[in-house]
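First comes the structure, then the notes that go with it.
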Amino acid sequence: MLSIIVAKAKNNIIGKNNKLLWHLPDDLKRFKELTIGHNIIMGRKTFESLGGILPNRKHIVFTQNPDFKINDENVQVVHSMLEIQEYIENNEENFVIGGAMIYNLLMPYVTKMYVTEIEKDFQGDAFFPRIDTRVWKEVSREKGMKDENNDFDYDYVVYERIKK
Ligand SMILES: NC(=O)c1ccc[n+]([C@@H]2O[C@H](COP(=O)([O-])OP(=O)(O)OC[C@H]3O[C@@H](n4cnc5c(N)ncnc54)[C@H](OP(=O)(O)O)[C@@H]3O)[C@@H](O)[C@H]2O)c1
């Protein structure tokens with residue numbers, strides 16, 4: 027099964043110039059706790075924005091470039107939906123971690139979403155798709171902790187698919 031994990035602004039912005047726009051240490055900690063030991067699926071740009079390989083997670087990286095190779099046993103480079111079918115069908119929780127192109131591509135196959143909703147608009151160039159309330163049901167909402175760098179509010183929200 028696939029689950030999305032994302033942090034998005036009120037206006038659905040998720041990044042700018044291949045970077046995140048905020049620094050939320052608590053959210054990064056939560057990202058680590060949720061994804062550790064799981065497969066993480068991402069686009070080539072998000073992979074490059076990580077600046078390295080995250081420990082204890084297999085990275086599945088989408089690209090259309092046949093020459094893109096990463097020589098690491100924890101990285102699988104994929105070029106088509108066919109190659110990730112096993113992750114859609116198995117009973118493990120496999121995390122789709124972005125960015126915008128890959129959220130759009132895989133959202134139809136996702137059954138659960140962990141969304142950090144930041145209560146502020148940002149200016150950026152990468153958007154998360156609109157969450158259709160006919161398809162997604164909010165099943166939990168928890169207030170995030172403000173930190174020393176940010177004075178905006180945010181919630182950790184979990185959505186489950188209620189319709190194909
Ligand atoms: N806030 C968050 O939670 C969050 C999470 C992740 C990322 N982000 C942000 O999102 C932004 C990056 O998003 P993005 O949309 O620009 O890039 P992306 O989705 O990370 O990667 C896009 C790349 O994926 C490959 N790709 C896309 N569709 C494909 C398909 N159908 N088949 C094969 N390969 C495919 C292509 O790679 P090639 O060009 O190599 O062919 C494409 O250029 C950054 O600003 C990042 O910081 C935010």
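The sequence shown begins at 27 in this note's numbering and counts up by one. Note that the Cβ used here is the ideal one computed from N, Cα and C, for glycine as well. None of the values given here were measured: they were computed from a predicted structure.
Spatial neighbours of I30 in its chain, beta-carbon cut-off 6 Å, leaving aside the 5 residues before and after:
V122, V136, M139
Distance check for K189 and R160, CA to CA, integer angstroms please.
7 Å
E168 bridges to which residues according to DSSP?
According to DSSP, which records beta bridges pairwise, E168 is partnered with Y182.
Does any heavy atom of ligand 1 sit closer than 7 Å to the C-beta of H85?
no
Quick check on the DSSP output: the beta strand (DSSP E) that includes E143 runs from which residue to which?
Unbroken beta strand (DSSP E) run through E143: 136-144.
Identify every residue that forms a DSSP beta bridge with D173.
N176
Ligand 1 and M27: does the residue's C-beta get closer than 7 Å to at least one heavy atom of that ligand?
If you check the C-beta of M27 against ligand 1, you find no heavy atom less than 7 Å away.
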